[in-house]
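What follows is one structure encoded as C-alpha cells, with my remarks underneath.
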Amino acid sequence: MTAMITVKDVSKAFGGVIANNKISLEVPEGRVTGLIGPNGSGKTTLFNSIVGYHPIDEGSIKFEGVEISDFRVPKIARLGLLRTFQQTRIYSKMNCVNNMLISVNHRSERFVDLFRDYPSELTDKAEQLLDFVGLYSKRKLISGDLSFGQQKLLEFAMALMNEPRMLLLDEPTAGINPTLINGLIDRLRRAATEMGVTLFVIEHNMPVIMNLADNIYCLANGRLLAHGTPEKIQNDERVINAYLGGHYLVEEED
Amino acid sequence: MTFNWRQLALYGIIAAAGIAAPFVFPAYTLQITVMWVMILFAVTWDILGGQMGYNSLGNIFFFGVGMYTSAIVQIGLVYDVAKYASPVGGIKAVFTQEQYFTGLVLGFIAAALVCVMFSVILAYIVFGLRGPYFAIGTLGVTLSAGELTGAWEYVGGGGGIPMPVFPGEPDDRSLLFYFLGFGLAVITFLFVKWMFSGRFGLAANAIRDDEEKAEGMGIRTMRVKTTGFAVAAFFLGMSGALFGNMIGFVEPLEVAFPTVTFGIFMVIMCLLGGKGTLWGPVLGATLFHAFKEVTWTYMLGWQWVMLGSLIIILVVFFQQGLVGWMQEKWPEMFGIEIDEGTVAVALAGPEIDEGPRRGGAVQ
Amino acid sequence: MMDNLSLLVQAPVLNIQLLLDGLFIGAIFALAAYGLALVWGVMNVKNLAQGDFVIMGGYIAWFLSTWGIHPILGLPLAIVIMFGFGWVVYITIISRVIGKDLFTSLLATFGLALVIAQLLNLAFGPEVQAAESGFEINSFFDGMVTVANIKFISLILAGLLASMVITFMKFSRMGQAIRATAQDPRAAKVMGIDTERIYAFTFALNAAICGAAGALISMIWVIQPFFGIAHSIRSFVIVTAAGLGNLPGVIMAGLGLGVAEIYAGFVFGAELQQFTVVGLLVAILVWRQIQQRRHRQAVQ
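Residue numbers (numbering that gives the first Met the number 0), protein chains in the order written: chain E, 0 to 253; chain Z, 0 to 362; chain Y, 0 to 299.
Shown next as C-alpha cells:
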C-alpha cells in the first residue's frame, strides 16, 4: 500500500504553544484515514501544515513522494491535494453551478484558457456532482443563501469537481442534522471507492469515524498518541483517557 | 456571449445617441467627451474593485502614465522634449498635420503598452496586499508618481508641458476627440463584457468572494489579478493620452495624477451604480457626471463638502448601488434565482429530490 | 542634492540641527499614530481622517490664539472640543460602518476627511498658518544650531500626554474595559460592557489625541486645511511599520519618520520632501509583504 502523504517529525509552534510536536504518520492511498483527538490536540494545525497554509518549524511532508513542505498553497492544490474547512468556505455571491465550474482543476490551464468559455460537458459534470450530493434542485441559487448543511455539501462537491488525488476533510459532519449524517457518510465512502479519492478525515463524531475509516490516528497535546484500526483505537486506554477520562463508550452504529 | 433582442436594441439606442450627440448638442461636446472618459474610468475600476474585490485607490496612476507617455512620444518625435518643456528657453513649436497625427497614433499605442508594462511590474508590488492595505498602497503609488513627476525636469517638472497644437479648426478638434473618447469607452465596455462572460469572470469573482479558498483550490490567482490589472491599465493609459491632448496641457498633480479627485470619483461612480455589475459602473458614471456638471458651478465652494458627504452616505446606506438595488427588487430581470421554498430533502438522496416545491419553509 | 549632502559631512553640527528638528516633530507624529493604532486595534477602523482631525485641532489652537488665548492654553480646549467632535462623528458615521467590510470604513473616513478639509478651507482660507507662542529661541554651537524653546515644551507635552493616555489605558476601569472589548467584543458584551459606549469613547479619545497633536503642530510647525492627508499617511506608515500593540515601536517609528522627513527635505530639496511620506508608505508596504511571504501569508 503506497503512502500518499508521509509526515515525518513535523513540529509547529505558535509563540509559546507547541501545536504539533514531532508528528510522524502516513496516509495510505485509496483508503479512508481518520484523525481524531480532543480539542486543541493539533489536528487542524496539522492539516494546515500539510496544505501549506503556514510553514512548519521542522520535519518533512511528502505528497506522492514529492517534498511539499515549502510549497505554497496554490501549488500544493494543483498537485491534487485539497482540503475542506471547519467553517465551510464557498464563493458566497455566485450560484452553485458557478461555484462548481470554477472548482475545476487548474493544473494544465494556460493563459489563453482564461478567456474561453466552459465547455458544456463541464456544466453537465457539475450538475451530476451536485446531484450526487443532493443539491441539484438548488443549483441556480446563490450559494450564500443556502443553509449551513447545504453549504457543507456544496464545498464537498466542489472538492470532488477538482478531481483531487486526496482530500483532507475537516469535521465534515459537524453541524449536520444527525438524521442526515448517514447520507453524508455514504457519499464520503463512495467518493473514496468510486471516484478514487483518498480521504484523510478529522472527526469528533466517534460513530461516524469508526464506521468510515480504515485506519485512525489519534493526537493528544500535539503528539501522536496512537494509531490503528477502528477496533484497536476504540479499545485503546490511552485514547479513552485522552478524551478527558471517563468511559467513552462507542455506540454500535446501526 | 449571447445577445437577445432587448440587449441589441439597448446597444443600438446608445450607439445612435452617442454618434448623434455632438451634432445635436455641439456646445456640450467637451462635457460629453469627458462623460465617456468617466464611463471608461468606472468600467475599468470595476474590474478590480467590483469583480475582483480589490478596491484600488490608485487606478488614476495609469491615466497619468499614459498621458505623459503619449506626451513624450508625440513631442519627442519632432522636438527635444526637455527643451520643449523648459519654461525658459522654450521652443515655439508647430506640428504639421502629418507630424501631429502620426504622433497621436503612436502616442496612443505607446501609452497603452507602457501602461501594461507598468501594471505587470506594479502587480508584484501591490497584489500581496489585501483589503485596506491594497487601497492605501495604490493610493501611495499614485501620490508618489505625481510627486516624482513633478520633480522630473525632463517633462517640465511641476510646471507641466504643453501638448502639440491641433492643426485644424476647433470644431474638427472637438469632434475628433469626442469620437476617440466615445470609441474608446465603447471598446472598453465591450471588451470587459466579453472578458467577464467566460472563465475569467468566475475566477475574478472567486477571488472576490474568498481568495484563500480560491488559492486552496489551485486557482492561479496572481495570473488572474495581473491580467485584470493589465486590461485596466491598457484602456486607462489610452484615456490618459486622449485627455492630455484634449486639455492641451499636461501637469502632474492636477491633470495627470488627480488622485484625490478623479481617482476617487472612479470609486464613487461604481458604488453609486453598483459594484460588480456590468451596467452599474456605466449608469453610475453617467449619473455622477451629469449631476456634477449641473450642480458644480452653483455650489460656491461647497462642492467638495457635498462630494465627501455623498461618499459617506453612499458607503453607509447604499452600498449595493443602483443596479444592486434593482437586482434585489427584481431578481428575475437579471437571471438570478430565488428559492421559492423547499422542504429539507437535500440529504435524503437523489431519488427523493424532486426539485423545488411551492410553499413550505425556506431553509 | 550632492551639495547638500557634502554640507552635512563638512559641517557635522548641521546634523544635530536636523536631528533635533526631526525628533521634535517626530514625537508629535508618534502621538497621532498612537491614536490611530488605538482605533485600529479596538474597532478595526482605519481612520483616513486622522490627519484632518490633527489639522482641525491645530486650527482650534490657532484660532484661539488670534483671540489672545495662548496656544498652550488652547491645547486643553482643543482636546475637549475634539473629544466631543469625535463622539459625534462616531455616533453619526462610524457606528454604522463598524461591522461592514474594511474598505467601507476606509471610504467613509475618506469622505469625512474631504468634508473636514473643505470646511476648514471655507472657514479659515487656504493660507498656511502657525500659532505664535512667543517663546525664545535658543542657539547653540555658535549659532549653528537653533532651537526654539517651544519645541522643547512641545516635546515634553507630547511625552506627558502620551504617558497620561497610557496610564489611563492600563489602570482605569474604562481603559480596562476598552482593552477587554478590543480583545473580544462579544465576551465583553456578555460581561455587561456597553460596547457601543466603549467604541464611542475610544474614537473620541483618538480625536482628542489628534486635537492635542494638532495644537502642538500649530505651535512648532504649520497647518493648512489640505495638509490632513499627509498626516493621515504618516500615522498609517508608523502604525504599519511598528505593528499594532507595539508602543515602543510606534514611538521609535514616529521619531524615525520625523528625522527621515527633515533630512530628506534638506538633502533632496523642497520638491521631493512631499514625496518622502508617500514614498515611505510604498516602501513600508513592500517590506511588509516580503515579511509576510516568509509566513506564506498576504498583508491583510
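Note that CB positions come from ideal geometry on N, CA and C, so glycine has one too.
- Between Val114(Y) and Gly307(Z), the C-beta spacing is below 9 Å.
- In this structure, Phe233(Z) lies near Ala111(Z), with their beta-carbon atoms less than 9 Å apart.
- The alpha-carbon separation between Phe195(Z) and Leu280(Y) amounts to approximately 33 Å.
- Assigned with DSSP and collapsed to three states, Leu277(Z) falls in coil, not helix or strand.
- Membership of Val132(E) in any alpha helix (DSSP H) is not indicated, and neither H nor E is assigned to it by DSSP.
- Within chain Y, the residues Arg295 have their CB atoms less than 8 Å from the CB of Gly51(E), given in chain order.
- Interface criterion met: the Cβ of Pro54(E) is under 9 Å from a Cβ in chain Y.
- Here Pro247(Y) carries a helix assignment [DSSP, helix/strand/coil].
- For the pair Leu128(Z) and Ala297(Y), the CB atoms are nearer than the 9 Å cut-off.
- When the five nearest sequence neighbours on each side are left out, the beta carbons in the same chain lying within less than 6 Å of the beta carbon of Thr275(Y) are those of Glu260, Ala263, in order along the chain.
- Listed along chain Z, the residues sitting closer than 9 Å to Glu270(Y) by beta-carbon distance are Glu146, Gly149, Ala150, Gly156, Gly157.
- Looking at the DSSP output, Gly247(Z) sits in no beta bridge, so it has no partner there.
- Checking the DSSP bridge columns, you'll see Ser118(Z) has no partner listed.
- Look at Ile46(Z) here: in three-state DSSP terms it is helix.
- Of all C-beta pairs linking the region 191 to 199 of chain E to the region 152 to 168 of chain E, three or more are shorter than 8 Å, placing the two stretches in contact.
- With a contact defined as Cβ atoms closer than 8 Å, Met216(Z) and Ser102(E) qualify at about 6 Å.
- Those residues of the region 288 to 320 of chain Z placed with their C-beta closer than 8 Å to a C-beta in chain E do not exist.
- Rounded to whole angstroms, the separation of the alpha carbons of Phe235(Y) and Phe248(Z) is 34 Å.
- Here Leu152(E) has Val132, Gly133, Leu134 as same chain residues with Cβ atoms under 7 Å from its own Cβ, once five neighbours each way along the sequence are excluded.
- Identification of residues in the region 103 to 127 of chain E having a C-beta nearer than 8 Å to some C-beta of chain Z yields Asn104, His105, Arg106, Glu108, Phe110, Asp112, Leu113, Phe114, Arg115, Asp116, Tyr117, given in sequence order.
- Counting along the chain, the unbroken alpha helix (DSSP H) around Pro229(E) starts and ends at 229 to 233.
- Under the Cβ distance rule, Gln223(Y) does not count among the residues neighbouring chain Z, no pair being separated by less than 9 Å.
- With respect to chain E, the C-beta atom of Ile31(Z) has no partner C-beta closer than 9 Å.
- Inter-residue distance for Gly239(Z) and Arg198(Z) is about 29 Å (C-alpha atoms, whole angstroms).
- Going by beta carbons, Gly57(Y) and Ala116(Y) fall outside the 9 Å limit.
- Neighbourhood of Ser173(Z) in chain Y, by CB distance below 7 Å: empty, with the nearest CB roughly 32 Å away.
- About 6 Å separates the beta carbons of Met99(E) and Met157(E), which is inside the 8 Å limit, making them a contact pair.
- Counting the other Cβ atoms within 10 Å of the Cβ of Gly243(Z) gives 16 or more, which makes it buried.
- Contiguous alpha helix (DSSP H) elements confined to the region 27 to 109 of chain Y occur at 49 to 65, 70 to 88, taking only those with 4 or more residues.
- Per DSSP, Gly17(Z) lies in no beta strand (DSSP E); the unbroken alpha helix (DSSP H) holding it starts and ends at 4 to 23.
- Residue contact with chain Z for Lys42(E): absent (no Cβ-Cβ distance below 9 Å to any residue of chain Z).
- For a cut-off of 8 Å, the C-beta gap from Thr187(Z) to Gly262(Z) is around 18 Å, too long to register as a contact.
- Nearest CB-CB separation between Met51(Z) and chain E: not below the 9 Å threshold.
- Looking at the DSSP output, Asp169(E) sits in a beta bridge with Ile201(E).
- For a Cβ distance threshold of 9 Å, nothing in chain Z lies close to Met165(E): the least Cβ distance comes to about 13 Å.
- In this structure Ala255(Z) touches Gly63(Z) by the C-beta definition: roughly 4 Å separates them, less than 8 Å.
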